[in-house]
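My numbering puts the first residue of the sequence shown at 941, with every later residue one more than the last.
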Amino acid sequence: MLLEQYNFKREVLEAPGPVLVDFWAAWCGPCRAMNPVLHDLARDFTVCKVNTETNPSLAAKFDVSAIPLLLIFRNGQVVRRYEGITPEATLRADLTALAAS
941 MLLEQYNFKR EVLEAPGPVL VDFWAAWCGP CRAMNPVLHD LARDFTVCKV
991 NTETNPSLAA KFDVSAIPLL LIFRNGQVVR RYEGITPEAT LRADLTALAA
1041 S
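Shown next as structure tokens:
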């Protein structure tokens, strides 16, 4: 799901379980490389994307200084932060643990 300022609160901060948010940009090669991983994770978890080019206020709010930046939110709070390409196994393990607790 693509996020904008208007739906971020509802889809992420008020979500009942963990949500993985990908901060990305179209020109970012590593961001494109993460797409298959995120697509696979989206089969089992809530995965959302924020385009930093069109949503600079959200990028600033979460101190996005490099992309891709992946944040896992739970109960409206950032509980995990990953900068750069991150292995699917790492993301899946953390999302699974957070969903179970």
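Don't be surprised by glycine CBs; every beta carbon is placed ideally from N, CA and C.
Check                                                                                                                                                         : Outcome
Leaving out five residues on either side along the sequence, give the residues of the same chain with a beta carbon under 6 Å from the beta carbon of Leu942. : Lys989
Can you give the Cα-Cα distance for Asp1034 and Leu953, rounded to whole angstroms?                                                                           : 18 Å
Which residue wins for smallest C-alpha separation from Arg1020, given the options His979, Leu1010, Tyr946?                                                   : Leu1010
CB-CB under 6 Å to Gly957, same chain, minus the five flanking residues each way: which ones, in chain order?                                                 : Ala1039
State the Cα-Cα distance for the pair Pro1008 and Gly969, rounded to the nearest angstrom.                                                                    : 9 Å
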